[in-house]
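Chains as they are written, first to last, in the working numbering: chain P, 8 to 398; chain L, 8 to 398.
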């Protein structure tokens, strides 16, 4: 293709990488992936799979040598290695410098604060004393977080009272690992916006989505989020403002809290396509994955407009089930109009592992929610080993 | 996956096979393809590629042995070899018996006639005398056709007058190859309907599409077809009736003519997904490819309802251009809202070769047509060798 002779290299071959390749294959593009797992979801459709660790400089170098552009599908990579690659002339999007900023949750929040983007109060924690001080300032409960490496709630600790301060500090490796504390926002809704920025500085903000978590894992995304007009306007403005300050090229996810008074705070930025944006594959004119490709290829951005209200539910590995994955309830699911099933093709299931997702679109959001409620308990990912079959 | 442990085998690895795999990968399915070309479009996303001829019994056997279900993306296959495979227990959809019927255009028309489905008048031609006789009965112009193996107008001959009968007969190999003659329908529109039938006999008929050809190659598909209500009702009824009589499992395309008096005739049945159904990827709730998979896997059929009016244009290799393909006009195209670009990834372009397609969706068909007219001359597939660049 004239606009892309070479291949795109993706660090990571999970479901986000797979869905990115699926969009790229429509355009006839080629993809190389770097992933330690031979059977990772993206492997079956990638042109080349370099089996190796994300922290292995030689493997990253190998990926860079066969790829015209590099991107990544998750943020826990050695950003310094990427900076070195960038310095030697490789194109990496989003920029490793943006990645470094976002990887450290404290620096990320500091960046937001500097740009007058509302966030919960926060402070760096370098000693037990500082954590006690933060508690006095923020009150309880308060959040203690690893500055780097946390995900899906791992690396977060809710400190319920002053009596739990020491326990929390020890649990997260205080003294060894850099920590931060945050005021607890008694939010009534978690929302997010997928945002995109092209090499030509063109910007797109997707509709706000309402995200429901359980044990810190995303379960359901509802689009559009059921917000007051006031909160919806604020959320969109904050997403746009955050995007404008971020110098990154590509798709980002801005996660936000909305409290009872319709105040909106940025909780976190993810420098990549995001689980809460999966609905966009069938819900929007341009999916988050197609959009990311347009961004990094220097193509015009596509419309992020919603085609129809959408509800996405994650298919998590059933509790107590392990081993070879077995999906049940497919027939009931596919009998529903406007339901789209995505199964990532991970060989093995584990409790709460993200194995696939379902998106239901309907001109009426209430109807999409009704269909979601009907199907939620019918589709399950079971394993060959252990557990109840729930059938 | 519980509903499909093994792989699906596809005879043919062209764009139809590629788009079938693209849908199947969403579900985590595995695919083997049989195709003589190492760089065929489906190769880059197939799990296994058996390089070989469609007429090679050993290669077909090899495909069958590694595949739980076999399907095909085009009809010019040795159907007797498939019958043998079926007899030895392999699942092949649509049935090789249906394929054999459809492969022979004369038997196909006879089948339609037997079931009172309107077709142009036709007769088998086994001698020059019979062709003269047909001319007297049908008048001129009349169509002379190869009974087997024709496509994109190849194997068809328009006999303009009695003076051209002998020339036409010789040109199509009369005496050596089985021929048929057909009355010429002075149609004002060519339409088609994608139809689907599951293993559970569930049926779906897609909206009627209006097809515009040039040199017998499909250029544009407009959905919904701009028909009178009367013709639209007739077209849908005929498509449903044809599907009901066909015992096949899978997706078929029913091509029809509409004349000035709104009479509708079946022109041809294709036992597979069809170029005129590509619009369904973005235009309908369930694409023709996803539907075909549902059919052959015994899953519930999906809704064939149109989400928004759609116009599809084929991207054909530019005249006088050959060699490595180069797509121009991508930026102009992708700047259009609701435009979807598909580039099949064929290494080499040739004049009029199907290299990709574009679908434009819009809530207003007129607007989709306006966008189509704007972009048609801007997107081109050029080759490195020869020709004007048209730039």
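Every residue gets a Cβ at the ideal spot worked out from N, C-alpha and C, and that includes glycine.
With distances taken between CA atoms, residue 24 of chain L lies nearest to L/82 out of L/82, L/63, L/68 and L/381. For residue 208 of chain L, no alpha helix (DSSP H) run applies, since DSSP gives it neither H nor E. Restricting attention to L/161, L/200 and L/153, the CA atom closest to the CA of residue 184 of chain L is found in L/153.
In the displayed model, residue 392 of chain P falls within a strand according to three-state DSSP.
The alpha-carbon of residue 344 of chain L is positioned some 6 Å away from that of residue 310 of chain P. Within the DSSP bridge table, the entry for residue 350 of chain P names P/363 as partners. In chain order, 32 and 52 make up the part of chain L whose C-beta sits under 7 Å from the C-beta of residue 52 of chain P. Proximity of chain P to residue 344 of chain L at the Cβ level (cut-off 7 Å) is accounted for by 292 and 310, in chain order. Within chain L, the residues placing a beta-carbon under 8 Å from that of residue 307 of chain P are 338, 341 and 342, ordered along the chain. Taking residue 213 of chain P as reference, the option from P/337, P/370, P/86 and P/315 with the minimal CA-CA separation is P/315. Around the C-beta of residue 380 of chain L, fewer than 16 other C-beta atoms lie within 10 Å, and the residue is accordingly described as exposed. By the criterion of at least three beta-carbon pairs nearer than 8 Å, the segment 341-359 of chain P is in contact with the segment 34-48 of chain P. Within the DSSP secondary-structure output, residue 187 of chain P pairs in a beta bridge with P/131 and P/152.
In this structure, the alpha-carbon of residue 279 of chain P lies about 7 Å from that of residue 79 of chain P. Secondary structure of residue 219 of chain P (DSSP, three-state): strand. Judged by DSSP secondary structure, residue 260 of chain L falls within the beta strand (DSSP E) whose first and last residues are 257-266. Two segments are said to touch when three or more pairs of C-beta atoms, one from each, lie closer than 8 Å; by this definition the segment 195-209 of chain P does not touch the segment 153-168 of chain P. When rounded, the separation of the alpha-carbon atoms in residue 87 of chain L and residue 358 of chain L is 33 Å. Residues of chain L whose Cβ lies closer than 8 Å to the Cβ of residue 29 of chain P are, in chain order, 29, 32 and 33. For residue 15 of chain P, the uninterrupted beta strand (DSSP E) segment begins and ends at 14-18. By the neighbour-count criterion, in which a residue is buried when 16 or more other Cβ atoms sit within 10 angstroms of its Cβ, residue 302 of chain P is buried. For residue 15 of chain P, there are no C-beta contacts with chain L under 7 Å, since the nearest C-beta of that chain is about 13 Å from it. Setting aside the 5 residues that flank it on each side, residue 287 of chain P is surrounded in the same chain by 201, 213, 294 and 295, each with a C-beta closer than 7 Å to its C-beta; the list follows chain order. In this structure, residue 230 of chain P lies near residue 313 of chain P, with their beta-carbon atoms less than 8 Å apart. Taken in chain order, the members of the segment 313-326 of chain L whose beta-carbon sits within less than 9 Å of a beta-carbon on chain P are 314 and 315. If you check the CB distance, residue 14 of chain P and residue 63 of chain P do not come in under 8 Å. Among the CB atoms of chain L, one or more fall inside 8 Å of the CB of residue 352 of chain P. Here residue 322 of chain P really is in contact with residue 362 of chain P; their C-beta atoms are around 5 Å apart, less than 8 Å. Around residue 299 of chain L, no beta-carbon contact reaches into chain P at under 9 Å, the shortest distance being about 14 Å. Only those residues of the segment 208-229 of chain L whose C-beta falls short of 8 Å from the nearest C-beta of chain P would be listed, and there are none. Between the C-alpha atoms of residue 191 of chain P and residue 217 of chain L there is a straight-line separation of about 59 Å. Residues of chain P whose Cβ lies closer than 9 Å to the Cβ of residue 372 of chain L do not exist, since the nearest Cβ in that chain is about 16 Å away. By the Cβ neighbour-count rule, residue 371 of chain P is exposed, with fewer than 16 other Cβ atoms within 10 Å of its own. When secondary structure is reduced to three states using DSSP, residue 230 of chain L falls in the strand class.
For residue 348 of chain P, the chain L residues whose C-beta falls within less than 8 Å of its own C-beta are 33 and 34, listed in chain order.
Under DSSP, residue 56 of chain L takes part in a beta bridge, and its partners are L/40.
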